[in-house]
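For what it's worth, this note's numbering labels the leading residue of the sequence shown as 2, then goes sequentially.
Where a beta carbon is used, it is the ideal one built from N, C-alpha and C, also for glycine.
Keep in mind it's a predicted model, so treat the numbers as computed, not measured.
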Amino acid sequence: MIASKIIGHRGFSSLAPENTLAAMSIAAKKGVEWVEIDALACGDGSIVMWHDETVDRCSDGTGTMSDHTIDSLKQLDCGSWFSPEFNTQRISTIEEAILSIQSLGLGLNLELKRYDSNLKTLVDPVLKLLQKHWLDFDKLIISSFDQATLTYCHQQAPYLQLGQLYGKIPDNWLAQMQAINAVSCHCNHLHLQQSQVTDLKQAGYDVYCYTVNEPQLVENHWKWGIDGIFTDYPQRF
Ligand code: G3P
Ligand code: MG
Numbered sequence: 002m003i004a005s006k007i008i009g010h011r012g013f014s015s016l017a018p019e020n021t022l023a024a025m026s027i028a029a030k031k032g033v034e035w036v037e038i039d040a041l042a043c044g045d046g047s048i049v050m051w052h053d054e055t056v057d058r059c060s061d062g063t064g065t066m067s068d069h070t071i072d073s074l075k076q077l078d079c080g081s082w083f084s085p086e087f088n089t090q091r092i093s094t095i096e097e098a099i100l101s102i103q104s105l106g107l108g109l110n111l112e113l114k115r116y117d118s119n120l121k122t123l124v125d126p127v128l129k130l131l132q133k134h135w136l137d138f139d140k141l142i143i144s145s146f147d148q149a150t151l152t153y154c155h156q157q158a159p160y161l162q163l164g165q166l167y168g169k170i171p172d173n174w175l176a177q178m179q180a181i182n183a184v185s186c187h188c189n190h191l192h193l194q195q196s197q198v199t200d201l202k203q204a205g206y207d208v209y210c211y212t213v214n215e216p217q218l219v220e221n222h223w224k225w226g227i228d229g230i231f232t233d234y235p236q237r238f
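What follows is the structure, encoded as structure tokens:
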């Protein structure tokens, strides 16, 4: 297994606002070994740790990420929506996130969200930052739902461990995963079948399920041989 059995989803998003430095720090404090975070490009090309296409759900601002610059994003309160005690949380650049996660000694699954941004706009700066800062590439998996993003990552940085994200696993999963030399399949636990786990494991891939917040939902999946889960509630597992 490359990552850990229990991966903190967006940090530790049941105890702190998702994709904030506070969520990373709580994950480390609670003994989580790997975290998953999301990365996307905002309007001026800065890459930030954020999940949604807009700022509305997880901040006191409004608008799409592509309408914001890093300066306007830095003005937003990204914690109070979760709880007043987090009112100092600000959006982090992916550089700030990577440095924090690495200094906490956590493994990282960096999920690249392309939305409508240009491939190179998103991936080039991320690869540059990883080259500059990330020390242990065994403790890093880059994942995406977007095949073009993963293909480009593989071309530009073949040494990266890539995880293929799927909602439902398609029939041509093996060809897709071989094309990018993936190490893992990250799939929705709701759609996963036992035969798919058997085939994935036989082909040599790690299998991680998202987003599992109730242990009983994956009782069978563990028996089928999955390697780990993404959860907002690592404390329940
Ligand atoms: O990477 C696993 C999971 O985070 C994928 O879905 O929407 O939570 O980013 P989402
Ligand atoms: Mg994600």
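Taking its Cβ as the centre, do 16 or more other Cβ atoms sit within 10 Å of residue i, making it buried, or is it exposed?
i    : result
F1   : For the chain, the structure presents residues 2 to 238; residue 1 sits outside this window and is missing.
S185 : buried
Q195 : exposed
R58  : exposed
N245 : The requested residue 245 does not occur in the structure, where the chain is confined to residues 2 to 238.
K31  : exposed
Y116 : exposed
A29  : buried
A149 : exposed
K114 : buried
N221 : exposed
Counting only the same chain and skipping the five closest in sequence on each side, list residues whose C-beta sits under 6 Å from that of residue i.
i    : result
H192 : K169
H10  : E37, T212, F231, T232, D233
K140 : G108
Y153 : L120, V124
F146 : L166
I27  : F13, L16, A17
Kindly indicate the opening and closing residues of the alpha helix (DSSP H) around residue i.
i    : result
M2   : First-last for M2: undefined, no H or E at that position.
Q148 : 148–157
E34  : Taken as a continuous stretch (DSSP letters only), E34 belongs to no alpha helix (DSSP H), as it is neither H nor E.
M66  : From DSSP, M66 is part of no alpha helix (DSSP H); its letter is neither H nor E.
L77  : Note, L77: premise wrong, no alpha helix (DSSP H); not H, not E.
K22  : Here residue 22 is Leu; the residue named in the question, Lys, does not match the sequence. Residues 22–30.
Since residue i and residue j are thought to touch, with beta carbons under 8 Å apart, how far apart are those beta carbons, to the nearest angstrom?
i    : j    : result
D39  : E112 : 5 Å
Q177 : Q162 : Not a contact, Cβ separation roughly 16 Å.
F87  : A17  : 6 Å
A158 : Q90  : No, A158 and Q90 are not in contact; Cβ-Cβ is about 31 Å, not under 8 Å.
Who are the Cβ neighbours of residue i in its own chain at under 7 Å, not counting the five residues just before and after it?
i    : result
H69  : C43, G44, V56
W51  : N20, D39, L41, M66, I92
Y160 : F138
For the beta strand (DSSP E) that contains residue i, what are its first and last residues?
i    : result
N189 : 185–189
V49  : 48–50
L161 : Taken as a continuous stretch (DSSP letters only), L161 belongs to no beta strand (DSSP E), as it is neither H nor E.
Kindly list the residues whose CB is nearer than 8 Å to the CB of residue i, restricted to its own chain and excluding five residues on each side of it in sequence; keep chain order.
i    : result
M2   : D207, D228, G229
H134 : E96, I99, L100, Q103
A204 : L175, M178
P254 : Nothing in the structure corresponds to residue 254, since the chain is present only between 2 and 238.
V33  : S5, I7, I8, G9, F13, L107, P235
My parser needs the alpha helix (DSSP H) runs of 4 or more residues fully inside the stretch 100–144; what are they?
120–134
4 or more residues per run - each alpha helix (DSSP H) lying fully within the stretch 180–233:
195–203, 220–225
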